[in-house]
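Novice: Heads up, the sequence shown is in our numbering, so the first residue is -3 and it goes up one at a time. Glycine included, every Cβ here is placed at the ideal spot set by N, Cα and C. Submitted below is the structure of interest, expressed as structure tokens.
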Amino acid sequence: MEKARITHVLVTLAALAVSTAAQGEERMRETFDPLTLTEPRGVSVQLDNDLFSGAHRDQDYSWGVAVTFASPEGQRIAAPFDAVRARLESWLTPPRLAATGTLQQSHALQVGLLGMTPSTLRSADPLPDDRPYASLLFMSTAEMSVLEDIGRARFTSFTVGALGLKLAETLHRGVHKAVGNEVPLGWEHQIADGGEPTFRYVHAEQWLLGHLDGEYANQPELKFTASGSAGYITEGSVAFSGRWGRIRTPWWSFAPELADYTVAPVAPRVERGASGLSEWFFFAGARLKARAYNALLQGQFRDSDVRVSSGDLARLQAEGWIGLSATWSDLRLTYTVRYASREMTREPGARSLIWAGVSVEKSF
């Protein structure tokens, strides 16, 4: 039954994309110069929930919220953390890649909270064989650099946060009470209960596959991304992602392949003078991860009642996504469904993850 619901959601997305493509066929030969778009300045709000996918389950990556503020020059409040990000980027970028000049840069600051839950919310006792409750309150600073050949881009981010705060429990229980759902028990057994600081650095290199053709700006896009990270999630990954439809924004400005649970802090972009339904596209992609460590499962230094051992961590994980995005004037709405293979090998926690997200972006 659950698979049927998920299939229905995906088929509906595909049908909407085909319908919209037919309506916009006459407009597909318009042009735009990606480097003349408005400077990336705006805000986006992302809401994630496994219930948004139609799967009707409340487990694993259960929910998340992230707010992203973007500007060309960055945010003053994040300046010390952005300095750390920039220093790590200078140390870790291979000299051959670092030698490439930069055409444009955009900065983003993101704050968010995410929650992980086991397969049942009804037990107040520890569930040693399932995934543990976990939460992360975080702030990320990020930079997207467009390199000289315009077919390459570099993304780096630095995140500081806290595991195990009571905020996630309070919010989760409050929402469930408000909507009449069962009140989750067992949060006192979450990873690092009481709070523990954490951090993460992400570095991604991206390539547009094919040539950027200004005459047919709406042609399908396909890009390849290689990324690595160190910190509360330590892993390397490769991804292919594409989009097709009435595309009016640069290929580097939309990056679902950079998400880890919630959306990556990437600055929104819009075309100057756009009005009405200025852009719409259908997108999909796949990513393969080689994971060394995940603090949301394994914990860090503080004692946790439930944690996944290194031997039970799934070292390889596959992820796929599909969705639709539409822009009216300077407002973009995006819906994404994501699927990921298991994160741990021990039963009953060895199960796939399904969730969806809704994002609203406003440019200024």
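Could you tell me the boundaries of the alpha helix (DSSP H) in which GLN294 lies?
Specialist: From DSSP, the alpha helix (DSSP H) with GLN294 extends over 291 to 294.
Novice: Ordered along the chain, which non-local residues of its own chain (more than five positions away) have a Cβ less than 7 Å from that of THR230?
Specialist: Around THR230: ALA288 and TYR289.
Novice: So does the region 132 to 140 actually touch the region 97 to 109, counting three or more Cβ pairs closer than 8 Å?
Specialist: Touching, per the Cβ criterion.
Novice: Going by Cα to Cα distance, which pick from ALA164, ARG81, TYR197 and SER325 is closest to TRP59?
Specialist: The shortest Cα separation from TRP59 among ALA164, ARG81, TYR197 and SER325 belongs to ALA164.
Novice: In the structure shown, what three-state DSSP assignment does PHE360 receive?
Specialist: Reduced to three states, the DSSP call for PHE360 is coil.
Novice: Which residue marks the beginning of the alpha helix (DSSP H) containing HIS172, and which one marks its end?
Specialist: From DSSP, the alpha helix (DSSP H) with HIS172 extends over 162 to 175.
Novice: By Cβ distance below 6 Å, which residues in the same chain neighbour ARG239 in space, the five residues on each side in sequence not counted?
Specialist: Counting only Cβ-Cβ distances below 6 Å, and skipping sequence neighbours, we find GLU217, PHE277 and PHE279.
Novice: In whole angstroms, what separates the C-alpha of SER249 from that of GLU201?
Specialist: Rounded to the nearest angstrom, the two C-alpha atoms are 14 Å apart.
Novice: Count the other CB atoms, across all protein chains shown, that sit within 10 Å of the CB of PHE65; report buried if there are 16 or more and exposed otherwise.
Specialist: PHE65 should be labelled buried.
Novice: Of the choices ALA314, PHE77, ASP256 and GLN294, whose alpha-carbon is the least far from that of ARG387?
Specialist: What the structure shows of the chain is the stretch from -3 to 360, and residue 387 is not part of that stretch, so it cannot be assessed.
Novice: Of all the alpha helix (DSSP H) runs that stay within the bounds of the region 80 to 149, which reach a length of 4 or more residues?
Specialist: With a minimum length of 4 residues, the continuous alpha helix (DSSP H) runs that stay inside the region 80 to 149 are 91 to 94.
Novice: From the DSSP output, in three-state form, read off ALA263 for me.
Specialist: Note: ALA263 maps to coil in three-state DSSP.
Novice: For LYS219, count neighbouring Cβ atoms within 10 angstroms of its own Cβ and tell me buried if that reaches 16, exposed if not.
Specialist: It counts as buried.
Novice: May I ask you to report which of helix, strand or coil DSSP gives PRO193?
Specialist: DSSP places PRO193 in strand when its eight states are reduced to three.
Novice: What residue does the beta strand (DSSP E) around ILE229 start on, and which one ends it?
Specialist: Where ILE229 is concerned, the enclosing beta strand (DSSP E) stretches over 229 to 242.
Novice: Apart from the five residues just before and just after LEU327, which ones in its own chain have a Cβ nearer than 6 Å to its Cβ?
Specialist: Excluding sequence neighbours, LEU327 sits near LYS358.
Novice: Cβ atoms of ASP54 and TRP351: under 8 Å apart, would you say?
Specialist: Not closer than 8 Å, so no.
Novice: Taking the alpha-carbon of THR330 as reference, which of ALA336, TRP317 and ASP78 has the nearest alpha-carbon?
Specialist: The option with the nearest alpha carbon to THR330 is TRP317.
Novice: Could you check the C-alpha separation between ALA235 and LEU99 for me, to the nearest Å?
Specialist: Answer to the nearest angstrom: the Cα atoms are 24 Å apart.
Novice: Have a look at MET24 and LEU167 and give me their C-alpha separation to the nearest angstrom.
Specialist: Note that MET24 has pLDDT 38, beneath the 50 cutoff, so the model's placement of it is unreliable and no number is given.
Novice: I believe ALA104 touches ALA138 by the beta-carbon criterion, under 8 Å. Please report the beta-carbon distance rounded to the nearest angstrom.
Specialist: Their Cβ separation, rounded to whole angstroms, is 5 Å, which keeps ALA104 and ALA138 in contact under 8 Å.
Novice: Is it buried or exposed, PRO124, if we count other Cβ atoms within 10 angstroms and call 16 or more buried?
Specialist: The residue in question, PRO124, is exposed, as its Cβ has fewer than 16 Cβ neighbours within 10 Å.
Novice: Comparing alpha-carbon positions, which option in PHE297, THR152 and ILE146 lies nearest ARG83?
Specialist: With distances taken between Cα atoms, ARG83 lies closest to THR152.
Novice: Does the beta-carbon distance from PRO122 to VAL259 come in below 8 Å?
Specialist: Result no, Cβ atoms of PRO122 and VAL259 do not sit closer than 8 Å.
Novice: Return the bridge partner residues of ILE350 from the DSSP annotation.
Specialist: Answer is TYR335.
Novice: Pick out whichever of VAL156, TYR257 and TYR228 has its Cα sitting closest to the Cα of PHE77.
Specialist: Among VAL156, TYR257 and TYR228, the Cα nearest to that of PHE77 is on VAL156.
Novice: Which same chain residues, not among the five before or five after LYS285, have their C-beta less than 6 Å away from its C-beta?
Specialist: Correct list, in chain order: GLU231, SER233 and GLN313.
Novice: What three-state label does DSSP hand LEU273 in the structure shown?
Specialist: LEU273 falls in the strand class under three-state DSSP.
Novice: Suppose the cutoff is 6 Å on Cβ atoms and the five residues either side in sequence are ignored; what does the same chain contact list for VAL80 look like?
Specialist: Cβ within range, chain order: PHE154.
Novice: Going by DSSP in three states, LEU218 sits in which element: helix, strand or coil?
Specialist: Of the three classes helix, strand and coil, the one that applies to LEU218 here is strand, per DSSP.
Novice: Within 10 angstroms of the Cβ of VAL142, are there 16 or more other Cβ atoms? Answer buried if so, exposed if not.
Specialist: VAL142 comes out buried.
Novice: Return the bridge partner residues of ILE318 from the DSSP annotation.
Specialist: Answer is ALA280 and VAL333.
Novice: Taking just the CA atoms, how far does ARG265 sit from LEU349?
Specialist: Those two C-alpha atoms are separated by around 30 Å.
Novice: Mapping the DSSP letters down to three states, classify GLN19 as helix, strand or coil.
Specialist: Residue placement at GLN19 is flagged as unreliable, the pLDDT there being 43, under the threshold of 50; the coordinate-derived value follows with that caveat. Helix at GLN19.
Novice: Going by Cα to Cα distance, which pick from SER49, PRO91 and PRO180 is closest to THR113?
Specialist: Nearest of SER49, PRO91 and PRO180 to THR113, Cα basis: PRO180.
Novice: My understanding is that GLY182 touches SER119, with C-beta atoms under 8 Å, so please give their C-beta distance in whole angstroms.
Specialist: With a Cβ gap of about 6 Å, GLY182 and SER119 count as contacting.
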